[in-house]
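Each residue of the sequence shown is one higher than the one before, counting from 81 in my numbering.
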Amino acid sequence: MLYNTIVTSESATIRTLTPGETYTFLVYTRAADGKTESDPMSYAVCFAPAQFVPSLNKSVNVLGVTWQWQDNSVDNYIVIIKDSQKTNITTITTNTTQVTITGLLPGREYSVTLQTNSLTCSWGSILTAATYPTDVRNISFQTIGTNNMTLSWMEPVNMTGVDKTYNIRYGNSSGTWTVTSNTTSVTLQDLTSGTNYTITVVTVGVRGYQSSPVSTSVYTSRLLSTYTMGLIY
81 MLYNTIVTSE SATIRTLTPG ETYTFLVYTR AADGKTESDP MSYAVCFAPA
131 QFVPSLNKSV NVLGVTWQWQ DNSVDNYIVI IKDSQKTNIT TITTNTTQVT
181 ITGLLPGREY SVTLQTNSLT CSWGSILTAA TYPTDVRNIS FQTIGTNNMT
231 LSWMEPVNMT GVDKTYNIRY GNSSGTWTVT SNTTSVTLQD LTSGTNYTIT
281 VVTVGVRGYQ SSPVSTSVYT SRLLSTYTMG LIY
């Protein structure tokens with residue numbers, strides 16, 4: 081379909097175009113006689129689609145991408161996902177407006193490129209996302225004293241070499257406190273003897289995303305009573 085617009089200035093506004101379509105513009109200079117024209121200058125452009133609103137659902141090893149699209153001329157969609165090192169690249173082609181990407185690693189950042197292929201042109205949008213970290217494993221106590229204790233845990237699955245920290249929340253009937261550790265162990269200080277403490281450890285990954293909490297409880301040791309004994313003759 082051809083459209084003609086005549087302007088007397090060096091700009092023009094073209095309306096009622098279809099998003100997701102490629103248009104070719106030919107610009108002529110017309111002389112004052114209204115007949116003589118210059119050779120045309122040609123320019124082609126693909127217009128951005130309307131209602132392109134992607135969203136992400138994420139878990140430990142899955143990213144779900146959903147988007148809105150109201151252009152019926154789209155033939156299919158291509159979703160490309162790369163990890164932050166760009167060492168693993170996955171490409172999925174679909175004719176629906178959603179896709180689930182599985183088999184990802186926990187606690188990593190990914191870039192998601194969503195492309196469309198229509199009858200006349202393609203359009204792309206890049207998103208960034210991250211998966212949640214995995215939980216810590218096997219919390220154990222190395223020492224339990226009257227006013228301190230040292231606990232450790234196993235590194236979360238598939239999180240070796242990934243930047244992460246651990247939030248350790250501990251508390252009793254008097255209150256709750258939180259400390260942070262960069263390693264898989266921590267020593268809790270200033271505890272009350274003979275008191276039950278509930279301890280929860282959470283993995284904190286990229287973007288501050290947190291794993292599910294893992295909890296345990298333990299009593300601190302009691303203070304031994306001191307007695308003074310005397311002999312009577």
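Even for Gly, the Cβ is constructed at its ideal location relative to N, Cα and C. Values in this document were obtained by computation on a predicted structure and should not be read as measured data.
Inter-residue spacing [alpha-carbon to alpha-carbon] between residue i and residue j
i, j, result
"THR116", "THR196", "42 Å"
"PRO213", "TYR108", "60 Å"
"LEU185", "ASN168", "10 Å"
"SER135", "SER295", "32 Å"
"GLY255", "GLN148", "47 Å"
"ARG110", "LEU194", "43 Å"
"VAL259", "VAL192", "34 Å"
"ASN137", "SER297", "33 Å"
"ASN227", "SER273", "6 Å"
"ASN247", "SER261", "7 Å"
"THR267", "GLN165", "35 Å"
"SER220", "TRP257", "19 Å"
"GLU90", "THR102", "22 Å"
"ARG29", "MET239", "Nothing in the structure corresponds to residue 29, since the chain is present only between 81 and 313."
"SER118", "THR93", "21 Å"
"GLY114", "VAL154", "41 Å"
"THR230", "TYR250", "12 Å"
"LEU304", "ASP215", "37 Å"
Three-state class that DSSP yields for residue i in the structure shown
i, result
"ARG110", "strand"
"LEU287", "It should be noted that the sequence gives Arg, not Leu, for residue 287. Note: ARG287 maps to helix in three-state DSSP."
"GLN269", "coil"
"SER301", "coil"
"TYR83", "coil"
"MET234", "strand"
"TYR190", "strand"
"GLU90", "coil"
"ASP56", "Any answer about residue 56 is impossible in this case: the structure gives the chain only from 81 up to 313."
"VAL216", "coil"
"THR102", "strand"
"GLY183", "coil"
"ARG95", "coil"
Among the options, the one whose alpha carbon lies nearest that of residue i
i, options, result
"MET234", "VAL282, GLY274 and TYR299", "VAL282"
"THR104", "THR88, ALA112 and ASN84", "ASN84"
"GLY288", "SER91, MET229, THR278 and LYS244", "LYS244"
"GLN178", "ARG249, VAL145 and SER220", "VAL145"
"GLY187", "GLY285, LEU82, ARG249 and VAL87", "GLY285"
"VAL159", "THR208, SER220 and VAL266", "THR208"
"THR278", "SER253, GLN222 and ASP119", "SER253"
"GLY225", "VAL237, ASN156 and ASP270", "ASP270"
"PRO37", "ASP113, ALA112, LEU106 and GLY114", "Examination of residue 37 is not possible in this model, given that the chain is present from 81 through 313 alone."
"GLY241", "THR223, GLN222 and THR263", "THR263"
"VAL237", "ASN218, MET229, ARG249 and THR230", "ASN218"
Beta carbon of residue i nearer than 8 Å to that of residue j
i, j, result
"LYS162", "TYR123", "no"
"THR280", "THR300", "no"
"VAL142", "THR180", "yes"
"SER139", "THR211", "yes"
"SER232", "SER265", "yes"
Residue i - partner residues in DSSP beta bridges
i, result
"LYS244", "None, per the DSSP bridge assignment."
"MET229", "ILE224 and LEU268"
"MET121", "VAL107"
"TYR157", "THR174 and THR196"
"VAL140", "VAL140 is not bridged to any residue."
"LEU207", "VAL192"
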